[in-house]
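In this note's numbering, the protein residues as written are 786 to 1436.
#1: As a quick exercise: from 1268, 918, 903 and 1346, pick the residue whose alpha carbon is nearest that of residue 1211.
#2: Using CA atoms only, rank isn't needed, just tell me which of 850, 881, 1317 and 1340 is closest to residue 1114.
#3: Return yes when the Cβ of residue 829 is within less than 7 Å of the Cβ of residue 871, no when it is not.
#4: Tell me the rounded alpha-carbon separation between residue 1329 and residue 1024.
#5: Cβ of residue 1152 within 7 Å of Cβ of residue 1208?
#6: Mind checking who residue 1000 pairs with in its DSSP beta bridge?
#7: From the DSSP secondary-structure annotation, give me the bridge partner or partners of residue 923.
#8: In this structure, how does DSSP classify residue 1203 when only helix, strand and coil are distinguished?
#9: Can you pull the DSSP bridge partners for residue 993?
#10: To the nearest angstrom, report how far apart residue 890 and residue 1112 are at their CA atoms.
#11: At the level of alpha carbons, what is the spacing between residue 912 and residue 1299?
#12: Tell me the residue span of the beta strand (DSSP E) that contains residue 825.
#13: Since residue 812 sits in a beta bridge, which residues does DSSP pair it with?
#14: So residue 866 is in the alpha helix (DSSP H); what residue range does that whole segment cover?
#15: Could you check the C-alpha separation between residue 1369 and residue 1106 for me, to the nearest Å?
#16: By Cβ distance below 7 Å, which residues in the same chain neighbour residue 1101 in space, the five residues on each side in sequence not counted?
#17: Does DSSP classify residue 1120 as helix, strand or coil?
#18: Whole-angstrom Cβ separation of residue 981 and residue 999, contact assumed at under 8 Å?
#19: State the Cα-Cα distance for the pair residue 1065 and residue 985, rounded to the nearest angstrom.
#20: From the DSSP output, read off the bridge partner residues of residue 1388.
#21: Take residue 1056 and list the residues in its own chain whose beta-carbon comes closer than 8 Å to its own, dropping the five residues that flank it on each side.
#22: Considering just the uninterrupted stretch of the alpha helix (DSSP H) at residue 1338, what are its terminal residues?
#23: Tell me whether residue 1044 sits in a helix, a strand or coil according to DSSP, three-state version.
#24: Leaving out five residues before and five after residue 1388 in sequence, what residues of the same chain have Cβ atoms less than 7 Å from its Cβ?
#25: Is the stretch 836-856 touching the stretch 867-883 in the sense that three or more CB pairs, one from each, lie closer than 8 Å?
#26: If you compare alpha carbons, which of 1315, 1350 and 1335 is closest to residue 1054?
#27: Among residues of its own chain, excluding the 5 on either side of residue 1322, which ones have a beta-carbon nearer than 7 Å to its beta-carbon?
#28: Considering only residues of the same chain and omitting the five flanking positions on each side of residue 1379, which have a CB-CB separation below 7 Å?
#29: Figure out for me which residue from 850, 1077, 1147 and 882 has the closest Cα to the Cα of residue 930.
#30: Does the distance from the CB of residue 1306 to the CB of residue 1260 come in under 7 Å?
#31: Check whether the Cβ atoms of residue 782 and residue 1341 lie closer than 7 Å to each other.
#32: Could you give the DSSP three-state label for residue 1216: helix, strand or coil?
#33: May I have the straight-line CA-CA distance separating residue 1013 from residue 1148, to the nearest angstrom?
#34: Only counting the same chain, and skipping five residues up and downstream in sequence, which positions put a Cβ closer than 6 Å to that of residue 832?
#35: Going along the chain, which residues of its own chain have a beta-carbon closer than 7 Å to the beta-carbon of residue 1098, five neighbours each way excluded?
#36: Determine the extent of the alpha helix (DSSP H) in which residue 1025 is found, giving its start and end residues.
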């Protein structure tokens, strides 16, 4: 069946293409009354799936593909016709979604927000209490802004003829009055519409919780709220909910050390292995929409963003068990390695857990003291300065009277003590500056390697990298000078050691501390505690979802058989994903190091508000287990991991 059906080429039963015939062959017309072009549902469905997986693939590209397939020349008006048919197709899908959500009792305003992630929001009875119940990342992005373009900028201005005075036979020079606003047309040619980007909130598993447009002021509106939250009207509500802010791991290392102590996730109780950079992963995918939405209408821009984020959530649900398995494996490895390292430190230095917490508090106090000199030192300096003119003679007189043979001079004990402290402070300052510059360089390198970076932005980043490289070289020289002046001298850093870093995974912090290892161990243990709860929640949510869905399908078979068939078709796809989740959860629970609860729990609110009977585990998704295929995949993954381990040992 062709995708484009012009009335003068293919016909149906020898008659003109009519709406009745269009309905019979499952194609959409591009006009309501007298259609001349129609597009098949299969084509619209295929484009929807391709566009969801590859947001760059636009309607224009799809139309060109269809023209090549049908050996017809491309015409620009086909874009509008395909877009109209696609809008109708999406509207039908939306109305079907509304009917299904009503049948499943999922049509409340906040249902999606409270149920988007089963691991975060599906609370069970008799759960362990966590320090932080929800872990959410929020950030803004201006890639999905809308641009306003001067539509008259390419038009040729009409030629102005001189006006002839018929009475005197003389040419009258015509003057044209140009409004002052027209001089700024070029300047406003690429000005931004009110929508300057999007602002999103996502859970730690990267499900989209909320998304809204940033209007005019853009992302800057969030900073005053973050700084003055305690003094705002939202302060009491935030305090009652135990609301706690932090800075992402990647962004946090670009901040100064004093900021990291209070706002880095490593030092915040209850964060686990939450890196706080989930929005960056989301934006790396949504940035692909920028080319197709930047010049569209408000409706089509919202439509594209909604379709993209809907598919993003489905994709994240498919990878949910992989997320849990990888984090569980990583947390167990960290606990094993860090416990062994800290055991040596505890025995060697005779330290306890309380000592590491005290060291952390002392570091905060020390850095706070660097903002201003101690009061005692200020008083001494002021007093000495005011008496500087007459103390020399007085000091000489006192030395003779008191018999002081040796004054505090260069090379003395007190001088060397304070000199060593000053050198150590300058060395730490140079190290902090070097760390900040290296992380900023990594930011720019990551942006430089992204696909879709324009030529001008590419050149701008290249120049910034050159300037950053000079700054890093100077800072390395400064650090090396300060490091060699210490007693004993610290190892130097070379430019080749820094320039080899290309990604964050290759960049180890320049500061190593037993205190950091202690806090990493605490976060790994918190991660295991949270994952144990999430595993139990996910298994229970899958069970309860099947119970509710099967009951709904049985009811719809009596009242609305067509809707029941659609719900059953969708449930089959969901069942295949849930089968993989259950298989991987069983693998995690079978490990000797697993410390969570097994089996199915009881929802704190029941199934959609009502308690239901527990089903037998053997009845859950038994026809979609695919156990043999999953075992083969896991065996291949284990082989690859073991091979990588042997290679690393050999190196």
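Every residue gets a Cβ at the ideal spot worked out from N, C-alpha and C, and that includes glycine.
According to the structure shown:
#1: Taking residue 1211 as reference, the option from 1268, 918, 903 and 1346 with the minimal CA-CA separation is 1268.
#2: The shortest CA-to-CA distance from residue 1114 to any of 850, 881, 1317 and 1340 is the one to 1317.
#3: Between residue 871 and residue 829, the C-beta spacing is below 7 Å.
#4: When only Cα atoms are considered, residue 1329 and residue 1024 end up about 34 Å apart.
#5: No, these two residues do not count as a Cβ contact at 7 Å.
#6: Bridge partners of residue 1000: 980.
#7: Residue 923 pairs with 986.
#8: DSSP, reduced to helix, strand and coil, places residue 1203 within a helical segment of the structure shown.
#9: Answer is 987, bridged to residue 993.
#10: Taking the straight line from one Cα to the other gives about 33 Å.
#11: In this structure, the alpha-carbon of residue 912 lies about 33 Å from that of residue 1299.
#12: For residue 825, the enclosing beta strand (DSSP E) stretches over residues 823-825.
#13: Per DSSP, 825.
#14: Following the DSSP letters along the chain, one finds residue 866 inside the alpha helix (DSSP H) bounded by residues 862-888.
#15: A straight-line Cα-Cα distance of about 6 Å links residue 1369 and residue 1106.
#16: Within the same chain, 990, 991 and 992 come within 7 Å of residue 1101 by CB-CB distance, once the 5 residues on both sides are set aside.
#17: Note: residue 1120 maps to helix in three-state DSSP.
#18: Confirmed, about 5 Å.
#19: Straight-line Cα distance between these residues: approximately 11 Å.
#20: In the DSSP assignment, residue 1388 forms a beta bridge with 909.
#21: Counting only Cβ-Cβ distances below 8 Å, and skipping sequence neighbours, we find 917, 920, 1031, 1050, 1308 and 1311.
#22: Segment 1299-1344, the alpha helix (DSSP H) holding residue 1338.
#23: In the structure shown, residue 1044 sits in a helix (DSSP, three-state: H, G or I).
#24: The answer, listed in chain order, is 907, 909, 1325 and 1329.
#25: The stretch 867-883 vs the stretch 836-856: in contact.
#26: Closest by alpha carbon: 1315.
#27: Excluding sequence neighbours, residue 1322 sits near 903, 904, 907 and 909.
#28: So the list reads 1373, once near-sequence residues are dropped.
#29: Of 850, 1077, 1147 and 882, the residue nearest in Cα terms is 1077.
#30: With a cutoff of 7 Å on beta-carbon distance, residue 1306 and residue 1260 are scored as not near each other.
#31: Nothing can be reported for residue 782: it is not among the residues displayed for the chain, which extend from 786 to 1436.
#32: Helix at residue 1216.
#33: In this structure, the CA atom of residue 1013 is about 25 Å from the CA atom of residue 1148.
#34: Excluding positions up to five away in sequence, the list reads 847.
#35: Close CB contacts of residue 1098 within its chain, under the 7 Å cut and outside five residues either way in sequence, are with 901, 992 and 993 (chain order).
#36: Run containing residue 1025: 1020-1025, per the alpha helix (DSSP H) assignment.
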